[in-house]
Amino acid sequence: MVPPGGTPHVADGADPPDSRTMPVFRGPRRARERRASRIPGAARMPAAARALLGALPGLAAVAALFLCANGVERAADAQAAAPAAATDRYAAPRPDIVPRSVWLGDTARAQPAPRYDDKVVAVFVHHTDTPNGYDCADVPAILRGVYQGQTGARDWDDIGYNFVVDRCGTVYEGRAGGIDRPVTGAHTQGFNHRTTGIAALGTYTAGVPVPGELTDAIAAVAAWKLGESGTDPRGKAVLVSSNGLSRFAAGATATLPAVAGHDDGYATSCPGAALTARLGDIRDTAARLQGRA
């Protein structure tokens, strides 16, 4: 398309549409050169290789071209597969996850369709700020209470966390949309895109014991979700704030830990001082689960 008052766009290396070219006289090619040029794939070969092929007898030229072209194609295929292989190299297994249908049942509210991002490059760790002395058999009922508080009193469309982990190390599916997909959560002001929210069921303020089963489960989810994008849990993630209620102005670029605490992106005491102190261990465990040294 030509912009008003402008000139037609021409791709790099192409002749302008109104150019004129002079005819160029070329002498007759030798028979061996013509034979090599008719071999399928010869046009893709370097000039030196084509010259060598032209000096070979017919069948020998065909055989040499096949071997060389086959090697070039294999090299190209290997280069194309390299990014995927680099990502797969650090893929971690998906932990066992209790689906939301088990704990939520038929009490789910009507809600809009889930939203998705292209990938997950960071994890935010939270705590639910609920009592700690629970029996793990009662967790489904506790989660229904959290869900009702967020969708009722707060009038959210769904529970905000993508996953919830209890003190026994059981992982529960939180927000709807599919555990294998990069569901956009509602857990961190300004940084819900390209992130996953994992909430520890309980309150983990200073001095509260943090069960190893809980931190191991958080690490397992983080390793799995970040492994899909090849992200090192010990590294950093570049995110863009979506609103000024976060610690960063809307549209600002922030470099945050790939496994971050809620308070890294928002002014809050969540996930509690005790759980915050364990984030380094969680990062290291997640990295080991990804097979990183």
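When the sequence shown is numbered by my numbering, its final residue is 313 and no position is left out of the sequence of numbers.
Quick reminder that beta carbons are idealized off the backbone N, C-alpha and C, glycines included.
Bounds of any beta strand (DSSP E) do not take in A272, whose DSSP letter is neither H nor E. By the Cβ-count criterion, Y110 is buried, with 16 or more other Cβ atoms from all chains shown falling within 10 Å of its own Cβ. When the Cα atoms are used, A112 and R201 turn out to be separated by approximately 15 angstroms. Counting the other Cβ atoms within 10 Å of the Cβ of A226 gives fewer than 16, which makes it exposed.
For L163, the enclosing alpha helix (DSSP H) has its first and last residue at V159 to Q168. Assignment of K256 by DSSP, reduced to helix, strand and coil, places it in the strand class.
V122 sits in a helix when the DSSP states are folded into three classes. The C-alpha of T127 is placed about 24 angstroms away from the C-alpha of T216. Counting the other Cβ atoms within 10 Å of the Cβ of T305 gives 16 or more, which makes it buried.
Contact fails between the segment 191-205 and the segment 255-271, because fewer than three Cβ pairs, one in each stretch, are under 8 angstroms apart.
In chain order, V230 and T235 place their CB closer than 6 angstroms to the CB of R298, counting only its own chain and leaving out the 5 sequence neighbours on each side. Looking only at G232, A272, L276 and E233, the smallest Cα-Cα distance to D252 is reached by L276.
With 16 or more other CB atoms across the displayed protein chains lying within 10 angstroms of its CB, Y224 is buried. The beta carbon of T288 sits closer than 6 angstroms to those of H282, all from its chain and outside the five residues before and after it, given in chain order.
In this structure, N152 and G232 do not form a Cβ contact; the two beta carbons are roughly 15 angstroms apart against a cut-off of 8 angstroms. Less than 8 angstroms divides the Cβ of V279 from the Cβ of A242. Around the C-beta of P115, 16 or more other C-beta atoms lie within 10 Å, and the residue is accordingly described as buried. Counting every other CB atom within 10 Å of its CB across the protein chains shown gives V122 a total below 16, marking it as exposed.
DSSP, read as helix, strand or coil, puts E193 in strand. Taking the Cα of F268 as reference, the smallest distance to any Cα among Y167, A239, V185 and F211 is reached at F211.
Sorting A274, G194 and D186 by C-alpha distance to the C-alpha of D177 places G194 at the top.
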